[in-house]
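Heads up: the structure comes next, in C-alpha cells.
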Amino acid sequence: MGIKDLKMFNLVLLGKWWARLVNEQGGLWRRVLLDKYGGEGGSWGEWITEGQNRGSSWWKDICKINELIEGKRDWVKSGFKLVIGDGAKVSFWRQVWVGPHSLEVMFPRLSYLSIDRQSTVQQMGEWIGGSWRWRLKWRRRLSTREQDQETQLRSTIQNVQIRKDADNKWWWRYEKDGEYTVKSAYKMLTTTEEGDEIKCLKRCWNSTIPLKICAFSWLSVLGRTPCKVKLMKRNIIRQEADAKCSFCAEIAENEDHLLLCCDFSRKVWNKNLAWWEIKYVMARSCKDAFLQHSWAGRNQKGWQVIWYARIWALWSTRNRRIFEAKQVSIDEVFHMVQYNSYCLIKSKIEGWTYSFADWCNAPSRCRIVKVPKPRLIELEQGELI
Ligand SMILES: [Zn+2]
C-alpha cells in the first residue's frame, strides 16, 4: 500500500485498537484494560479522558489518538458513525448519533431546557405496543419559536430506528462493511477531501470580520492556536508548570480551555448570553462552539459576529496578561466584546443605522438584513503560524 509516513502508520495501527475498544463491548480483554486504566466506560469520552493520565505510553497514545495528528483532530472519532441499537450508554444530547453534530450543538436552547440533559438515547423514550415513542420533557412551556425547534428536533430523530436488545455499533465510514481497516484509515489521513471539518473551517472566513480574527478563529477550530500547550510541544516552553492557563493558572492552556471552559472565559460567555437573552449549553470544544454560533445565528447574523469578538477579546486579554502584565477584568472583556462586535458590523454593513446604545440594550433587535456575499479564501493549512 506504499506506506510513506511511519508515524502516521503507527497511529493508524493504534486506531485498530481504538476500534476494537469501542465495538467489542463484551470482550474480556477490554474489561481488563478498562478496569486497569480507565474505570467503567461505554460511551465515547469517559474512559478516554480518565485514561490520559494513567497507564503505559501505549494506552496513553490510544487515549490521545484524536489529538496526535496536526490538522486532523478527532480523526478517529469523526471517522466512525454511530449506528444506534438499543440506545443504551449513548448520550442523547452530547454524542453525535443523528445528523452531523450532537443535538446539544444543533439545538442548544432545547438542550438547556431539557430536564434530561444527562440521559441516554434509551432513556428518552419508551416502547409502547411494540413501537418506539420519544418522550421529550421540558423544564417549562416552550415559546412558539422553541416549539418550532422542537418540531425540527423531532423530525431529526424520528427516522432513527431504535432496536430492542441490539448493540449500538460504531461504523467506519471509509469501508463498505463498516469495519475499520489500516489501509482505509491511512488513505483517509493522507488524502485531503473536503469533509465536514473543512467545510466548517471554510465558514470561519467571514467577510464581515478582519482577516487576522478570521485566521484566529480558524486556528482555534483546528486546535492550532499558539497557546501554551502548543508552545510546550515546540519546546518554547519547557516546564509543565509554565504551560498552565494564563487566566486561572490551574489547567494546561489549550484553546478549548482558554477560550471556553476556564472559569474566567465561562463568566464572559455567561454575560454574553444574558446580554442576548439566550439560554444555551456551552460547547466544550472550539469547533462545536463555532458551529453553535453559526447554527443558531441563521436569523441572527449579529450572534455570529459575537463568536469572533469574544474569542478575540479573550485572546487579546490573555496576551496582555502575559506580555504587559496587565490584568483585565471580566467586565472589561465583556465590554470589549460589545464594542468590537458593534464596530465590526457598523463598518461593514451598509444601512445598519443602530446606535451603540441600541446594540447594548437589545442586540437581537438590531437586525442585519443585507449581508455581503461571503468571501471564501482558500489557504493551505501550512501557510499560517
Ligand atoms: Zn483557566
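In UniProt numbering, the protein residues as written are 1 to 385.
Beta carbons are placed, not taken as given, at the ideal position from N, Cα and C, and that holds for glycine.
Bear in mind that the values here come from a model prediction, so they are computed numbers and not experimental data.
May I have a chain-ordered list of the alpha helix (DSSP H) segments no shorter than 4 residues that lie completely inside the segment 286-374?
Within the segment 286-374, the complete alpha helix (DSSP H) runs of at least 4 residues are 286-296, 301-324, 330-348, 356-361.
Using CA atoms only, rank isn't needed, just tell me which of W359, S246, P108, L6 is closest to I322.
Closest by alpha carbon: S246.
Got a sec, what are the start and stop residues for the alpha helix (DSSP H) K183 sits in?
K183 -> alpha helix (DSSP H) spans 182-190.
Jot down the residue ranges of each uninterrupted alpha helix (DSSP H) in the segment 89-151, minimum 4 residues, whole runs only, in chain order.
Segments of the alpha helix (DSSP H) lying fully in the segment 89-151: 103-106, 108-113.
So the candidates are Y112, T156, A289; which of them puts its Cα closest to the Cα of I306?
Of the listed residues, the one whose Cα sits closest to I306 is A289.
Would the beta-carbon of W93 fall within 8 Å of that of I115?
Cβ distance not < 8 Å, so W93 and I115 don't count as in contact.
Here's a check: name, in chain order, each residue in its chain whose Cβ is nearer than 7 Å to the Cβ of E179, leaving out the five neighbours to either side.
Closer than 7 Å at Cβ, skipping near neighbours: W172.
For ligand 1, any of its heavy atoms closer than 7 Å to the Cβ of I322?
No; taking the cut-off as 7 Å, the Cβ of I322 has no heavy atom of ligand 1 nearer than that.
Do you know whose CA, among K301, K72, M336, lies nearest I349's CA?
It is K301.
Could you round the C-beta distance between T225 and L219 to whole angstroms and report it? I think they count as a contact, below 8 Å.
Going by Cβ atoms, the distance from T225 to L219 rounds to 5 Å, so yes, they are a contact pair.
Quick one: give me the first and last residue of the beta strand (DSSP E) that K81 is part of.
Looking at the DSSP string, the run of the beta strand (DSSP E) that includes K81 is 80-83.
Need the endpoints of the alpha helix (DSSP H) that K212 sits in, please.
Here the alpha helix (DSSP H) through K212 covers 211-222.
Flag this pair as touching only if the segment 334-354 and the segment 241-261 have three or more C-beta atom pairs under 8 Å; answer yes or no.
Not touching, per the Cβ criterion.
Can you list, in chain order, the residues of its chain with a C-beta nearer than 6 Å to that of F181? Leave out the 5 residues immediately preceding and following it.
The residue you asked about is not Phe; residue 181 is Thr in the sequence shown. Excluding positions up to five away in sequence, the list reads E175.
Is it buried or exposed for W315, if we count other Cβ within 10 angstroms and need 16 for buried?
Result: buried.
Using a Cβ-based criterion (distance less than 7 Å to any ligand heavy atom), does H257 qualify as near ligand 1?
Yes, the Cβ of H257 comes within 7 Å of a heavy atom of ligand 1.
So which of R266, L211, A88, K81 has the shortest CA-CA distance to D177?
Out of R266, L211, A88, K81, K81 has the C-alpha closest to the C-alpha of D177.
So R73 and G223 are in contact, right, with Cβ under 8 Å, and what is the actual spacing, rounded?
Contact holds; Cβ gap of about 5 Å.
Whole angstroms is fine: what's the gap from P363's alpha carbon to R310's?
Going by the C-alpha atoms only, they are around 15 Å apart.
Return the Cβ separation of W170 and N23 in integer angstroms, given the expectation that the two are a contact with Cβ distance under 8 Å.
Yes, W170 and N23 are in contact; Cβ-Cβ is about 5 Å, under 8 Å.
Can you give the Cα-Cα distance for Y354 and Y342, rounded to whole angstroms?
Distance between the alpha carbons of Y354 and Y342 is about 9 Å.
How about C214 and D256: are their beta carbons less than 8 Å apart?
Cβ distance not < 8 Å, so C214 and D256 don't count as in contact.
Do E240 and ligand 1 come close, with the Cβ less than 7 Å from some heavy atom?
Result no, Cβ not under 7 Å from ligand 1.
Starting from W171, follow its DSSP beta bridges and name the residues at the other end.
Looking at the DSSP assignment, W171 forms a beta bridge with K81.
Looking at I311 and ligand 1, is the gap between the Cβ and the nearest heavy atom below 7 Å?
Incorrect: I311 has no Cβ contact closer than 7 Å to ligand 1.
Here's the rule I'm using: 16 or more other beta-carbon atoms within 10 Å means buried, otherwise exposed. How should A19 be labelled?
A19 comes out buried.
Do Y280 and Y112 have their CB atoms nearer than 8 Å?
Result yes, Cβ atoms of Y280 and Y112 sit closer than 8 Å.
Would you kindly check if the distance between the Cβ of E253 and the Cβ of V268 is under 8 Å?
No, they are not a contact pair.
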